[in-house]
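Going by my numbering, the residue at position 50 of the sequence shown is 31; the numbering climbs one at a time, nothing skipped.
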Amino acid sequence: MDELEIAKEKYSLENLDEFIDKTSMKHKKGIEVGHIFKLGQKYTKSMDTKITYENGT
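Written as structure tokens, this is what we have:
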């Protein structure tokens, strides 16, 4: 595995010790896009949100 993304709200740094080496961690901001609600494109359009896939599209 090359990369691992972890939400800070879900896991504290203390309980990650058994899984990863914290010295190689980088903190970055992100948004959750996995949930689908009955909101349509209300927020994605207002924030001009774009998704780039691994193939560049």
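C-beta: ideal position from N, C-alpha, C; glycine also.
Open item on the list: Between which residues of its own chain and Gly37 is the CB-CB distance below 7 Å, once the five residues before and five after are set aside?
Closed with: Counting from one through the sequence shown, the residue named residue 37 turns up at place 56. Nothing meets the Cβ criterion.
- [ ] Would you kindly report the start and end of the unbroken alpha helix (DSSP H) that includes Ser27?
- [x] Residue 27 sits at position 46 when you count from the first residue of the sequence shown. First-last of the alpha helix (DSSP H) with Ser27: Lys23 to Ser27.
- [ ] Please report how far the alpha carbon of Ser5 lies from the alpha carbon of Asp(-2), in whole angstroms.
- [x] As a working note, residue 5 is residue 24 in the sequence shown. As a working note, residue -2 is residue 17 in the sequence shown. Ser5 and Asp(-2): Cα-Cα distance of roughly 12 Å.
Task: Residue of Gly21, Asp2 and Val14 minimising C-alpha distance to Thr33 - done: For the purposes of this step, residue 33 is taken as the residue at position 52 of the sequence shown. Closest by alpha carbon: Val14.
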